[in-house]
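Student: The opening position of the sequence shown corresponds to residue 2 in our numbering, with each subsequent residue numbered one higher. So that we are looking at the same thing, I have put the structure below in structure tokens.
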Amino acid sequence: MQRVSHHLLLCATATKAKCCDSVLGAQTWNALKSIVRELDLENAARPEGIVLRSKADCLRVCERGPILLVWPDGIWYSDVSPDRVKRIMEQHIIGQQPVEEWILKRTPFEAINGVLSAEIRPQINPGKD
Ligand code: FES
2 MQRVSHHLLL
12 CATATKAKCC
22 DSVLGAQTWN
32 ALKSIVRELD
42 LENAARPEGI
52 VLRSKADCLR
62 VCERGPILLV
72 WPDGIWYSDV
82 SPDRVKRIME
92 QHIIGQQPVE
102 EWILKRTPFE
112 AINGVLSAEI
122 RPQINPGKD
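Here it is as structure tokens:
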């Protein structure tokens, strides 16, 4: 099984399109796909692990979309756009510095689980170290 560094969930073209215009959502999803490929984040040889991306139908925010949830960091970005996707990928996913001014909320994995911490995350997803 491949090591996964991040899973990106984007609500962009929801069935009920509550959080954003569906055209903007589709453009943002296409930009996300392109930039993930352009930055080679799906490369199985990437030491940190691959970056997965999924289009979510609704992330239960339903305003200020498109909404991008970055796991396992628990960072929720609002008002994501094709222009913003590249900076989020470069600064947050590669540089490990979230783009603070675009964060809607944080639900860190540690807070949800109550026990697990970032320090033991590698044990959950041991990869090929
Ligand atoms: S429709 Fe996008 S979060 Fe609900």
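Here a beta-carbon is modelled for each residue, glycine too, at the ideal position from N, C-alpha and C.
Where does A46 land, buried or exposed, given buried means 16+ other C-beta within 10 angstroms?
Tutor: exposed
Student: Let me confirm a value: M2 is counted as buried when at least 16 other C-beta atoms fall within 10 Å, else exposed. Which label applies?
Tutor: exposed
Student: Go through its chain and collect everything with a Cβ distance to I94's Cβ below 7 angstroms, but skip five positions before and after it.
Tutor: Excluding the 5 residues flanking it on each side, I94 has same chain C-beta neighbours closer than 7 angstroms at H7, L42 and V52, in chain order.
Student: Between the alpha carbons of A15 and P48, how many angstroms are there, rounded?
Tutor: 33 angstroms
Student: Would you check if the distance between the CB atom of L11 and the CB atom of W30 is smaller than 8 angstroms?
Tutor: yes
Student: I'd like to confirm something about K56: is its beta-carbon nearer than 7 angstroms to some heavy atom of ligand 3, or not?
Tutor: Questions concerning ligand 3 fall outside what the structure shown contains, since the ligands it does hold are ligand 1.
Student: According to DSSP, is R85 helix, strand or coil?
Tutor: helix
Student: Inspect the beta-carbon positions of L105 and L9 and report whether they are closer than 8 angstroms.
Tutor: Against a cut-off of 8 angstroms, the Cβ pair of L9 and L105 comes out as no contact.
Student: Relative to ligand 1, is the shortest distance from any of its heavy atoms to the C-beta of K106 smaller than 7 angstroms?
Tutor: Shortest gap from the CB of K106 to any heavy atom of ligand 1: 7 angstroms or more.
Student: Going straight from the alpha carbon of T108 to that of K87, what length do you get?
Tutor: 22 angstroms
Student: State the Cα-Cα distance for the pair K56 and S23, rounded to the nearest angstrom.
Tutor: When rounded, the distance between both Cα atoms is 13 angstroms.
Student: What I want to know is whether the C-beta of I94 ends up closer than 7 angstroms to one or more non-hydrogen atoms of ligand 1.
Tutor: No - ligand 1 has no heavy atom lying nearer than 7 angstroms to the Cβ of I94.
Student: Note the first and the last residue of the continuous beta strand (DSSP E) segment covering V71.
Tutor: I68 to W72
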